[in-house]
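S.K.: First, the structure itself, so that you have it in front of you.
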Amino acid sequence: MVQYLPILILLILAFGFAITNIVLSVLLGTQKPTPEKLTPYECGIDPVGSAHERFSVKFYLIAMLFVIFDIEVVFLYPWAVAFQSLKLFGFIEILIFVGIFLICYFYIWKRGGLEWE
Amino acid sequence: MTNVSVMTFNILSVLPILVLAGFGMIVLFVDILFSKRLGDKNILAYLSLAGIIIAAIVSRGTTPIALYSFNETFVIDNYSLFFNFIFLLSTGLVILISHQYMKRENINYGEYYALILFSTIGMMLMASGADLLNIYIGLEVMSISIYVLTGLKRSKLTSNEASLKYFLLGAFATGFLLYGVSIIYGATGSFNLKEIADFLINKGDVTGPFVYLGVGLIIIGLGFKVASVPFHAWVPDVYEGAPTAVTAFMSVGPKAAAFAAFIRILMTAFGSTHYEWQKIVYVLAILTMTVGNVVAVAQTNIKRMLAYSSIAHAGYLLVALVAANTLGVSGMLFYLLTYVFMNIGVFAIVIILSQRNDGFMQINDYAGLGYKHPLLAIAMTLFLLSMAGIPPTAGFIGKFYIFSAAIKSGYIGLAVIGMINSVISVYYYLRVTVVMYMQEPVREFYPLTISPFIVAAVVISVIGTLHLGIFPSKIMELVQQSILTMR
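Residue numbers (this note's numbering), protein chains in the order written: chain B, 1 to 117; chain X, 1001 to 1487.
Below, the structure written as structure tokens:
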């Protein structure tokens, strides 16, 4: 268990740093709240309407599709780093991997997942 | 930089999985490319069935030794081959019973077949995983498909609720499993089941309480998937809300897959700490059997009753896990196979008799069935008798093996509790039979539309239930063979 000691120290340091800063800012800062200061954006423009609005589900759909292809790129990086040692085997593997994503892309496209209206 | 070894890359060992994945993608493609010309999508059901048959042909037979591949993370032995057979059989039967149902409920999406195939891939990965991470990935592949399938009937509120509930609780339970896996890794330094076992045998005393903590968390994660009792709260709502064909699917395959992983993890990796985890599973088994059976008595909706009966069956299977001897594990495999036949058989008949939007789901709606549709009533009676464990059906043999394994390991109290529970279960299973034969019909039995697919599923289930009940020895031999290469 000794080898985990640095992680414990890091945890204590991280929490300690965050807590110390919050406590210090409360203790040292002067607090004179005025209505202007309490608005969400203190830039002189009054907020229009409520922020608690319903968003169209399309945003979530696009975000979700983005995550899938984002993860694909994440997997390409370690392959690129290890390209020299993986040789042809790695190349064929990654082609299959990207091929499956191409199939996904085609499926999304044909199903109309990329159309906004 | 060292060269990565590709020697352990054995494509043949994952061939059944590749076949199913390929057919899943073909189904998706055929559906989107020819959706206008497909009509009622019979072709997708045929394609999926073809994929399942080819995968079954590829993974048939037995292997003399356990074959490890992919850096020892994936194993083909008789145990995983037997489970592959269970998964493919249950998926095939579910496709047979679902086609007509999907059309009737207006949810005949092509994705349904693809998701069912993908989910089966996850199950096979779980049964063949020789590595905790691989088992986890299999669990996720299986579960995510089922979360989607549960919410397939988008227009129905209960279906949405079931899907969300299953997803949130399932994700939470998976968190427990992963936490357990990470603690085990911290304590033993490996994900590999064999290496964990070696570590625990050789220097298990240096790990302290961490191994027990990890095993406990893994039991919580898998206990959720098999629907054992403190983690069962999702089962009735999800089973009731999901489309009936999906309920049939998730009450059989995923349960078998979770038990496959359960046995392999506990027996292979933690066999040396057997006396510690046994106590947990002992309590779980008693709670699961008792709560499942007692609450099932009070149900009036047939899907909810089957949900609680599914919890109770998980309890019987946990008894076999407590016994943890050869007879127990082989009894469990045998019981899982019989459970495929009897459970899917019951759900097939529920589907035939129900109406759009889950009409006629109350047990009282079955009144008078014995006279109006005698064949259906006989088949239903047979499946229910088998679930209650009455000879000459398969359920009796399965229970017999499991309880005798418990007695052989010295758990006589547990076996007695199991038998008392069996008696309780007879009450609610036979109540349906009593309603079918001894009460006047309260509903109109309009001419039922029965597709040849679903008839085939019922016939196969009847044959399976009777065959395993009358001639169990051949399958029992196969089962005993399949656990020989495991350890």
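No residue lacks a Cβ here, since even glycine has one placed at the ideal position from N, Cα and C.
(1) Is it the case that the region 1359-1378 of chain X contacts the region 1299-1318 of chain X, given that we only count it when at least three CB pairs across the two stretches are under 8 Å?
(2) DSSP state of residue 48/B, grouped into three classes?
(3) Below 8 Å between beta carbons: does that hold for residue 1319/X and residue 1414/X?
(4) Go ahead and pull the three-state DSSP assignment for residue 85/B.
(5) Around the Cβ of residue 1100/X, are there at least 16 other Cβ atoms within 10 angstroms (buried) or fewer (exposed)?
(6) Let me check understanding here. Comparing Cα to Cα, which of 1054/X, 1084/X and 1030/X lies closest to residue 1259/X?
(7) In chain X, which residues lie less than 7 Å from residue 60/B when you measure between Cβ atoms?
(8) Measure the C-alpha to C-alpha separation of residue 1411/X and residue 1294/X and round it to an integer number of angstroms.
(9) Rounded to whole angstroms, what's the CA-CA distance from residue 1403/X to residue 1281/X? Just pull it up for me.
(10) Residue 1049/X and residue 1110/X: beta carbons closer than 8 Å?
(11) In chain X, which residues lie with their C-beta within 7 Å of the C-beta of residue 192/B?
(12) Would you list, in chain order, the members of the region 1370-1399 of chain X that have their beta-carbon closer than 9 Å to a beta-carbon of chain B?
(13) Measuring alpha carbon to alpha carbon, tell me which residue in 1211/X, 1481/X and 1175/X is nearest residue 1190/X.
(14) What does the Cβ neighbour count give for residue 109/B, buried or exposed, with the cut at 16 atoms within 10 Å?
(15) Does the CB of residue 1473/X have a neighbour CB from chain B at under 8 Å?
(16) Assuming the contact rule is C-beta atoms closer than 8 Å, residue 1465/X and residue 1338/X should be a hit. Round their C-beta distance to whole Å, please.
(17) Evaluate the contact criterion for the region 1105-1120 of chain X versus the region 1462-1481 of chain X: three or more CB pairs, one atom per stretch, below 8 Å.
(18) Compute the distance between the beta-carbons of residue 1409/X and residue 1307/X, then report whether it is under 8 Å.
(19) Please compile the residues from chain B whose C-beta is within a distance smaller than 8 Å of the C-beta of residue 1342/X.
(20) At 8 Å on the CB atoms, spell out the chain X contacts of residue 111/B, in chain order.
(21) Tell me the DSSP secondary structure of residue 1074/X in three-state form.
(22) Taking 8 Å as the CB-CB cut-off, is residue 103/B touching chain X?
(23) For chain X, check one thing: does any of its Cβ atoms lie closer than 8 Å to the Cβ of residue 7/B?
(24) Between which two residues does the alpha helix (DSSP H) holding residue 1287/X run?
(25) Name, please, each residue of chain B whose Cβ falls closer than 9 Å to the Cβ of residue 1497/X.
(26) Please look up how many angstroms separate the CB atoms of residue 1485/X and residue 1065/X, rounded, as I've assumed it's under 8 Å.
(27) With residue 1122/X and residue 1139/X assumed to form a contact (beta carbons below 8 Å), what rounded beta-carbon distance in angstroms separates them?
(28) According to DSSP, residue 1131/X sits in a beta bridge with which residue or residues?
(29) On the premise that residue 1019/X lies in contact with residue 1055/X, defined as a C-beta separation below 8 Å, what is that separation, rounded to the nearest angstrom?
(30) Could you tell me which whole beta strand (DSSP E) segments of length 3 or greater appear in the region 1042-1107 of chain X?
(31) Considering residue 1570/X, what are the terminal residues of the alpha helix (DSSP H) in which it resides?
(32) Out of 1133/X, 1476/X, 1445/X and 1087/X, which has the shortest C-alpha to C-alpha gap to residue 1400/X?
(33) Buried or exposed: which applies to residue 1003/X, given that a residue is buried once 16 or more other Cβ atoms fall within 10 Å of its Cβ?
(34) Thinking C-alpha only, which one of 1470/X, 1068/X, 1455/X and 1358/X is nearest residue 963/X?
(35) Quick one: is residue 1136/X buried, meaning 16 or more other Cβ sit within 10 Å of its Cβ, or exposed?
(36) Give the range of the alpha helix (DSSP H) segment to which residue 1480/X is assigned.
M.R.: Well, looking at it:
(1) yes
(2) Sequence index remark: in the first sequence, residue 48/B carries index 48 (1-based). If DSSP states are grouped into helix, strand and coil, residue 48/B belongs with coil.
(3) For the purposes of this step, residue 1319/X is taken as the residue at position 319 of the second sequence. For the purposes of this step, residue 1414/X is taken as the residue at position 414 of the second sequence. A contact, by the Cβ cut-off of 8 Å.
(4) Along the first sequence, one-based indexing puts residue 85/B at 85. The answer is helix: DSSP assigns residue 85/B an H, G or I state.
(5) By one-based count along the second sequence, residue 1100/X stands at place 100. Result: buried.
(6) Reading the second sequence from its first residue, position 259 is the one you call residue 1259/X. Comparing Cα-Cα distances from residue 1259/X to each of 1054/X, 1084/X and 1030/X, the minimum goes to 1084/X.
(7) Here residue 60/B corresponds to residue number 60 of the first sequence, with the count starting at 1. Here the premise fails: no neighbours, minimum Cβ distance about 14 Å.
(8) Stepping through the second sequence from its first residue, residue 1411/X is reached at position 411. Stepping through the second sequence from its first residue, residue 1294/X is reached at position 294. If you take the alpha carbons of residue 1411/X and residue 1294/X, they lie about 22 Å apart.
(9) Here residue 1403/X corresponds to residue number 403 of the second sequence, with the count starting at 1. Here residue 1281/X corresponds to residue number 281 of the second sequence, with the count starting at 1. Going by the C-alpha atoms only, they are around 15 Å apart.
(10) The residue given as residue 1049/X occupies position 49 in the second sequence. The residue given as residue 1110/X occupies position 110 in the second sequence. Not a contact, by the Cβ cut-off of 8 Å.
(11) Here chain B has residues from 1 to 117 only, and residue 192/B is not among them.
(12) Legend: CB atoms of the region 1370-1399 of chain X lying less than 9 Å from CB atoms of chain B are not found in any residue.
(13) Along the second sequence, one-based indexing puts residue 1190/X at 190. Among 1211/X, 1481/X and 1175/X, the Cα nearest to that of residue 1190/X is on 1211/X.
(14) Along the first sequence, one-based indexing puts residue 109/B at 109. Exposed: under 16 other Cβ atoms inside 10 Å.
(15) To locate residue 1473/X, count along the second sequence from 1; it is residue 473. Not one chain B Cβ lies under 8 Å of residue 1473/X.
(16) As a working note, residue 1465/X is residue 465 in the second sequence. As a working note, residue 1338/X is residue 338 in the second sequence. Confirmed, Cβ separation roughly 7 Å.
(17) The answer is no - the region 1462-1481 of chain X does not touch the region 1105-1120 of chain X, with fewer than three Cβ pairs under 8 Å.
(18) By one-based count along the second sequence, residue 1409/X stands at place 409. By one-based count along the second sequence, residue 1307/X stands at place 307. No, the pair does not count as a contact, with Cβ atoms beyond the cut-off.
(19) Along the second sequence, read from residue 1 onward, the residue named residue 1342/X stands at position 342. Ordered by position in chain B, no residue passes the 8 Å Cβ test against residue 1342/X, which lies about 37 Å from the chain.
(20) Here residue 111/B refers to the residue found at position 111 when the first sequence is read from its first residue. Result: 1032.
(21) Residue 1074/X sits at position 74 when you count from the first residue of the second sequence. In this structure, residue 1074/X counts as strand in the three-state DSSP scheme.
(22) Position 103 of the first sequence, counted from the start, is the residue given in the question as residue 103/B. Yes, because at least one Cβ of chain X sits closer than 8 Å to the Cβ of residue 103/B.
(23) On the first sequence, residue 7/B is found 7 positions in, with the first residue counted as 1. No, no contact with chain X.
(24) Here residue 1287/X corresponds to residue number 287 of the second sequence, with the count starting at 1. Note, residue 1287/X: alpha helix (DSSP H), 1274-1297.
(25) No answer is possible for residue 1497/X: it lies beyond the span of chain X, which begins at 1001 and ends at 1487.
(26) Looking up residue 1485/X in the second sequence gives position 485. Looking up residue 1065/X in the second sequence gives position 65. Their Cβ separation, rounded to whole angstroms, is 6 Å, which keeps residue 1485/X and residue 1065/X in contact under 8 Å.
(27) Against the second sequence, residue 1122/X aligns to sequence position 122. Against the second sequence, residue 1139/X aligns to sequence position 139. Residue 1122/X to residue 1139/X, Cβ: 7 Å. Contact.
(28) For the purposes of this step, residue 1131/X is identified with residue 131 of the second sequence, where counting begins at 1. Among the bridge pairs identified by DSSP, residue 1131/X is matched with 1192/X.
(29) Locating residue 1055/X in the second sequence gives position 55, counting from the first residue. Locating residue 1019/X in the second sequence gives position 19, counting from the first residue. So it is a contact: roughly 4 Å between Cβ atoms.
(30) 1067-1069 and 1074-1076
(31) A query on residue 1570/X cannot be resolved here, the shown segment of chain X reaching from 1001 to 1487 and no further.
(32) As a first step, residue 1400/X must be located in the second sequence, where it is residue number 400. Nearest of 1133/X, 1476/X, 1445/X and 1087/X to residue 1400/X, Cα basis: 1476/X.
(33) Taking the second sequence and counting its residues from 1, the one referred to as residue 1003/X is at position 3. Confidence in residue 1003/X is poor, its pLDDT being 45 and thus under 50, which makes the residue's placement unreliable; the coordinate value appears in the next sentence. Label assigned to residue 1003/X: exposed.
(34) No information on residue 963/X is available, as it lies outside the stretch 1001 to 1487 that chain X covers here.
(35) The sequence position of residue 1136/X within the second sequence is 136, counting from 1. Answer is buried; the Cβ neighbour count reaches 16.
(36) The residue given as residue 1480/X occupies position 480 in the second sequence. Residue 1480/X -> alpha helix (DSSP H) spans 1473-1482.
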